[in-house]
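First comes the structure, then the notes that go with it.
2 protein chains.
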Amino acid sequence: MSTPFHKVAIIGLGLLGGSIGLAIGEYLPGVATTGYDRNRATRRRAAERGLVQTVADSAEEAVAGADLVILCVPPGAMGEAAMDCAPGLSAEAIISDVGSSKVAVAKALAEALPNHTVIPAHPVAGTENSGPDAGFASLFQGRWCIITPAQDEDAAKVARLSALWEGIGARVEIMDPAHHDRVLAVTSHLPHLIAYTIVGTARDLEEVTESEVIKYSAGGFRDFTRIAASDPTMWRDVFLSNRTAVLEMLQRFTEDLTELQKAIRKGDGETLFDHFTRTRAIRRSIVEMGQDTAQANFGRD
Amino acid sequence: MSTPFHKVAIIGLGLLGGSIGLAIGEYLPGVATTGYDRNRATRRRAAERGLVQTVADSAEEAVAGADLVILCVPPGAMGEAAMDCAPGLSAEAIISDVGSSKVAVAKALAEALPNHTVIPAHPVAGTENSGPDAGFASLFQGRWCIITPAQDEDAAKVARLSALWEGIGARVEIMDPAHHDRVLAVTSHLPHLIAYTIVGTARDLEEVTESEVIKYSAGGFRDFTRIAASDPTMWRDVFLSNRTAVLEMLQRFTEDLTELQKAIRKGDGETLFDHFTRTRAIRRSIVEMGQDTAQANFGRD
Chain A
39 MSTPFHKVAI IGLGLLGGSI GLAIGEYLPG VATTGYDRNR ATRRRAAERG LVQTVADSAE
99 EAVAGADLVI LCVPPGAMGE AAMDCAPGLS AEAIISDVGS SKVAVAKALA EALPNHTVIP
159 AHPVAGTENS GPDAGFASLF QGRWCIITPA QDEDAAKVAR LSALWEGIGA RVEIMDPAHH
219 DRVLAVTSHL PHLIAYTIVG TARDLEEVTE SEVIKYSAGG FRDFTRIAAS DPTMWRDVFL
279 SNRTAVLEML QRFTEDLTEL QKAIRKGDGE TLFDHFTRTR AIRRSIVEMG QDTAQANFGR
339 D
Chain B
39 MSTPFHKVAI IGLGLLGGSI GLAIGEYLPG VATTGYDRNR ATRRRAAERG LVQTVADSAE
99 EAVAGADLVI LCVPPGAMGE AAMDCAPGLS AEAIISDVGS SKVAVAKALA EALPNHTVIP
159 AHPVAGTENS GPDAGFASLF QGRWCIITPA QDEDAAKVAR LSALWEGIGA RVEIMDPAHH
219 DRVLAVTSHL PHLIAYTIVG TARDLEEVTE SEVIKYSAGG FRDFTRIAAS DPTMWRDVFL
279 SNRTAVLEML QRFTEDLTEL QKAIRKGDGE TLFDHFTRTR AIRRSIVEMG QDTAQANFGR
339 D
């Protein structure tokens with residue numbers, strides 16, 4: 039297959055943007071890449087690491103001649119980033135993004151670029167690190183990228199975007215944006231919210247010191263600290279832009295937690311045992327589907 | 039230093055018991071080991087893997103001649119396991135355990151063995167796996183073992199138990215049992231409860247399928263599934279035996295979660311951003327203290 043695009047412009051050169059640039063360089067070497075980040079130090083570091091072939095001095099300049107533009111900024115900054123690109127965009131360029139919420143981002147992009155083709159997307163991949171040093175070429179290998187085109191979108195354009203993601207190692211799924219937001223609310227947003235919460239709870243206790251929390255974190259707590267170390271700006275924007283679905287999933291979680299709390303209070307061991315037995319199966323399925331390692335403790339020890 | 043004990047008997051040959059046996063074999067080869075598990079298949083597998091030098095046919099037989107007995111059974115089974123050992127125990131044997139809650143276990147052991155020296159302990163180490171195939175010799179390397187002796191305990195005996203744990207790679211801390219139970223409620227028990235809850239919530243949704251939950255788990259959810267795959271019997275017992283501290287920590291967590299929920303509902307980005315920024319530091323400290331890997335995604339991808 040020929041390359042799906044000639045030139046890809048990446049706006050925002052952090053973990054996701056940098057990884058896309060490196061992945062294209064590695065797996066789709068026929069595709070040219072340019073990039074821009076509004077942070078000057080990030081641009082400099084991006085050039086040093088060669089995240090893209092050309093680091094431009096403005097968004098407008100970066101997107102000139104590109105047939106695909108991928109916005110890799112926090113959800114709340116998408117509209118503004120799109121407007122910064124507008125003056126330089128080719129009429130036939132496809133605009134996409136990597137935002138973790140899709141209804142709000144699609145709306146912001148459509149409003150910012152009413153005369154362009156916007157096809158939102160979300161690669162479900164990442165690490166707890168951020169910034170221009172965080173990206174790596176293999177980040178998307180075996181991970182899913184969810185594309186959420188408008189219902190009347192040109193199928194050929196969606197296929198080109200799919201081909202790019204598959205070209206850098208991802209598996210592609212097409213989904214309705216509202217459904218995406220509910221799925222990710224439970225598989226990503228709620229877990230982050232809970233992890234951020236418990237890490238804060240542990241830190242603020244008076245009777246247990248922070249040093250004790252750190253020393254004895256191998257009992258389970260350390261697992262939560264990884265995602266609670268994720269980029270604060272991005273996660274603020276995720277919760278604000280996917281508010282309804284997150285609050286709904288949180289409501290379900292709270293109901294379930296209350297049920298287990300009641301079982302503990304009443305000394306109802308049977309309810310606890312039944313619940314804990316049923317949750318084991320999901321882990322096995324995730325490992326079998328290649329979405330996590332089979333090694334104990336994630337293989338980290 | 040000479041070996042702190044001549045013969046260690048391990049009752050319960052699952053993840054913890056098996057790992058202690060293998061670790062003694064590896065790092066303290068001068069110490070003899072015997073073991074017993076009430077499950078016949080586990081005894082057979084323990085013998086095949088050589089988890090201990092001699093697998094006995096009863097607890098009584100296993101502890102004969104041992105100067106240290108370590109009970110490695112779920113918290114709720116400690117009292118009964120201790121009573122099974124009683125007829126075979128030497129008068130000078132020290133009885134210890136690895137239970138995740140200490141006030142209730144200490145009480146159960148003292149009641150079962152009123153005429154013996156009981157020094158409870160809890161190595162803060164483990165994996166999501168259980169059973170006789172789960173153990174490995176290096177499990178305790180660099181991890182903490184908390185020993186919770188009675189206030190009037192003979193210091194020389196506590197020192198011998200400490201030496202054993204240090205001999206197999208652990209770092210030792212002496213702690214009041216009630217304080218242990220509060221510390222572990224936040225660093226281990228609450229994280230497990232929350233992980234078990236959210237995995238159940240995700241599984242029970244109607245509008246998001248289990249297959250979607252699994253496919254898109256790399257967005258954060260998969261981190262929670264690891265500890266939610268832990269042994270159900272043990273965790274039922276942990277929550278029942280450390281009920282008060284767990285419910286108290288859960289109350290704090292719920293208050294903090296409600297605060298973040300309110301911030302999301304009100305669109306209060308500043309509160310979210312501030313909270314998410316402060317939680318980053320704890321992760322860094324855990325990595326610096328050698329309690330987790332510095333690699334992104336725990337190094338698993």
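From first to last, the protein sequence lines stand for chains A and B.
Just so you know, we're using our numbering here: the first sequence kicks off at 39 and counts up by one.
Just so you know, we're using our numbering here: the second sequence kicks off at 39 and counts up by one.
Glycine included, C-beta positions come from ideal geometry on N, C-alpha and C.
Neighbour flag for A/Ala163 against chain B, beta carbons, 8 Å: In the first sequence, residue 163 of chain A corresponds to position 125, counting from 1. Interface with chain B (8 Å Cβ-Cβ cutoff): A/Ala163 is included.
Cβ of A/Asp294 within 8 Å of any chain B Cβ: For the purposes of this step, residue 294 of chain A is taken as residue 256 along the first sequence, with counting starting at 1. Closer than 8 Å to some Cβ of chain B, the Cβ of A/Asp294 qualifies, so yes.
Buried or exposed by the 16-neighbour rule on C-beta atoms within 10 Å, applied to B/Asp219: The residue you call residue 219 of chain B lines up with position 181 of the second sequence. By the neighbour-count rule (16 or more Cβ atoms within 10 Å), B/Asp219 is buried.
Cut-off 8 Å between Cβ atoms - residues of its own chain near B/Met287, not counting five sequence neighbours on either side: The residue you call residue 287 of chain B lines up with position 249 of the second sequence. Same-chain partners within the cutoff: Arg220, Ala223, Val224, His227 and Leu228.
When B/Gly169, B/Thr317 and B/Glu211 are compared against B/Ala267, the one with the closest alpha-carbon: Translated into the one-based positions of the second sequence, residue 267 of chain B becomes position 229. The option with the nearest alpha carbon to B/Ala267 is B/Gly169.
Identity of the residue in B/Thr315, B/Ser138 and B/Ser96 nearest A/Ala256 by Cα: Counting from 1 along the first sequence, the entry for residue 256 of chain A is found at position 218. Measuring from the Cα of A/Ala256, the nearest candidate turns out to be B/Ser138.
Extent of the continuous alpha helix (DSSP H) run through B/Tyr65: Residue 65 of chain B sits at position 27 when you count from the first residue of the second sequence. B/Tyr65: member of the alpha helix (DSSP H) spanning Leu53 to Tyr65, first to last residue.
Pick from A/Pro270, A/Leu298, A/Phe277 and A/Met272 that is closest to B/Thr239, judged by C-alpha positions: The residue labelled residue 239 of chain B in the question sits at position 201 within the second sequence. Per the Cα distances, A/Leu298.
Closest residue to A/Asp135 among A/Leu54, A/Leu89 and A/Arg181 (Cα-Cα distance): Looking up residue 135 of chain A in the first sequence gives position 97. Comparing Cα-Cα distances from A/Asp135 to each of A/Leu54, A/Leu89 and A/Arg181, the minimum goes to A/Leu54.
Within the stretch 67-99 of chain A, ranges of the alpha helix (DSSP H) (whole runs, at least 4 residues): 78-87, all fully within the stretch 67-99 of chain A.
B/Gly88 burial status per 10 Å Cβ neighbour count (16 or more: buried): Position 50 of the second sequence, counting from 1, holds the residue named residue 88 of chain B. When all chains shown are included, B/Gly88 counts as exposed.
Residue from B/Glu166, B/Asp105 and B/Ala172 whose Cα sits closest to the Cα of B/Leu51: Position 13 of the second sequence, counting from 1, holds the residue named residue 51 of chain B. The shortest Cα separation from B/Leu51 among B/Glu166, B/Asp105 and B/Ala172 belongs to B/Ala172.
DSSP bridge partner residues for A/Trp182 (one or two, in chain order): As a working note, residue 182 of chain A is residue 144 in the first sequence. As DSSP reads the structure, A/Trp182 sits in a beta bridge with A/Arg209.
A/Asp261: contacting residues in chain B (beta-carbon distance under 9 Å): Here residue 261 of chain A is taken as the residue at index 223 of the first sequence, counted from 1. Chain-order list of chain B residues neighbouring A/Asp261: Pro229, Ala233, Asp261, Phe262, Arg264, Ile265, Asp330 and Phe336, by C-beta distance under 9 Å.
Outcome for A/Lys304 when other beta-carbon atoms lying within 10 angstroms are tallied against a minimum of 16: For this step, residue 304 of chain A is matched to residue 266 along the first sequence. A/Lys304 counts as exposed, since fewer than 16 other C-beta atoms from the protein chains shown sit within 10 angstroms of its C-beta.
Backbone CA spacing between B/Glu248 and B/Arg241 [nearest angstrom]: Position 210 of the second sequence, counted from the start, is the residue given in the question as residue 248 of chain B. Position 203 of the second sequence, counted from the start, is the residue given in the question as residue 241 of chain B. Spanning the alpha carbons of B/Glu248 and B/Arg241 requires a straight line of approximately 6 Å.
Beta-bridge partners of B/Ala159, as assigned by DSSP: Taking the first residue of the second sequence as 1, we reach residue 159 of chain B at position 121. Bridge partners of B/Ala159 according to DSSP: B/Ile185.
Cβ-based burial, B/His44 [other Cβ within 10 Å; buried from 16]: Your numbering for residue 44 of chain B matches position 6 in the second sequence. Flag for B/His44 reads exposed.
Through-space distance from B/His313 to B/Ala129, alpha-carbon basis: Taking the first residue of the second sequence as 1, we reach residue 129 of chain B at position 91. Taking the first residue of the second sequence as 1, we reach residue 313 of chain B at position 275. Straight-line Cα distance between these residues: approximately 55 Å.
Closer than 8 Å at the beta carbon, the chain B residues around A/Glu166: By 1-based counting over the first sequence, the position of residue 166 of chain A is 128. Within 8 Å Cβ-Cβ: Arg321, Ala334 and Asn335.
Within 8 Å, strictly: CB atoms of A/Ile157 and A/Val196: Locating residue 157 of chain A in the first sequence gives position 119, counting from the first residue. Locating residue 196 of chain A in the first sequence gives position 158, counting from the first residue. Against a cut-off of 8 Å, the Cβ pair of A/Val196 and A/Ile157 comes out as a contact.
Run of the beta strand (DSSP E) containing B/Asp135, from where it starts to where it stops: For the purposes of this step, residue 135 of chain B is identified with residue 97 of the second sequence, where counting begins at 1. From DSSP, the beta strand (DSSP E) with B/Asp135 extends over Ile132 to Asp135.
Chain B contact for A/Gln189 (CB, 8 Å cutoff): Taking the first residue of the first sequence as position 1, residue 189 of chain A is located at position 151. Chain B contact via Cβ: absent.
Span separating the alpha-carbon of B/Asp261 from that of B/Asn77: Taking the second sequence and counting its residues from 1, the one referred to as residue 261 of chain B is at position 223. Taking the second sequence and counting its residues from 1, the one referred to as residue 77 of chain B is at position 39. Across the structure, B/Asp261 and B/Asn77 are spaced so that their CA atoms are roughly 31 Å apart.
Nearest-angstrom Cα separation, counted from A/Thr92 out to A/Thr72: Along the first sequence, one-based indexing puts residue 72 of chain A at 34. Along the first sequence, one-based indexing puts residue 92 of chain A at 54. Using only the alpha carbons, I get a separation of about 5 Å.
Interface partners of A/Thr41 on chain B, CB under 9 Å: Indexing the first sequence from 1 puts residue 41 of chain A at position 3. What A/Thr41 touches in chain B: nothing, since even the nearest Cβ is about 26 Å away.
With 16 other Cβ atoms within 10 Å as the buried cut-off, status of A/Arg322: By one-based count along the first sequence, residue 322 of chain A stands at place 284. Flag for A/Arg322 reads exposed.
B/Thr315 burial status per 10 Å Cβ neighbour count (16 or more: buried): Taking the second sequence and counting its residues from 1, the one referred to as residue 315 of chain B is at position 277. Taking a 10 Å sphere around the C-beta of B/Thr315, we find fewer than 16 other C-beta atoms and assign the residue as exposed.
Identified DSSP bridge partners for B/Ala47: By 1-based counting over the second sequence, the position of residue 47 of chain B is 9. Answer by DSSP bridge pairing, in chain order: B/Thr72 and B/Val107.
A/Glu99 versus A/Arg281 - alpha carbon distance: Locating residue 99 of chain A in the first sequence gives position 61, counting from the first residue. Locating residue 281 of chain A in the first sequence gives position 243, counting from the first residue. Rounded to the nearest whole angstrom, the C-alpha separation of A/Glu99 and A/Arg281 is 34 Å.
Selection of the stretch 193-225 of chain A by Cβ proximity to chain B, strictly under 7 Å: Within the stretch 193-225 of chain A, the residues whose Cβ lies closer than 7 Å to some Cβ of chain B are Arg220, Val221, Leu222, Val224 and Thr225, listed in chain order.
Distance CB(B/Met272)-CB(B/Pro161) smaller than 8 Å: Taking the second sequence and counting its residues from 1, one reaches residue 272 of chain B at position 234. Taking the second sequence and counting its residues from 1, one reaches residue 161 of chain B at position 123. Judged by their CB atoms, B/Met272 and B/Pro161 are not nearer to each other than the 8 Å cut-off.
Rounded separation between A/Arg318 and A/Ala104 - CA only: Numbered from its first residue, the first sequence carries residue 318 of chain A at position 280. Numbered from its first residue, the first sequence carries residue 104 of chain A at position 66. Going by the C-alpha atoms only, they are around 47 Å apart.
C-alpha distance - A/Val184 paired with B/Trp182, whole-angstrom precision: Here residue 184 of chain A refers to the residue found at position 146 of the first sequence. Here residue 182 of chain B refers to the residue found at position 144 of the second sequence. The question names Val, but residue 184 of chain A in the sequence shown is Ile. Distance between the alpha carbons of A/Ile184 and B/Trp182: 42 Å.
Whole-Å CB distance - B/Ala61 paired with B/Ile206, under 8 Å assumed: Here the question's residue 61 of chain B lines up with position 23 in the second sequence. Here the question's residue 206 of chain B lines up with position 168 in the second sequence. Contact holds; Cβ gap of about 4 Å.
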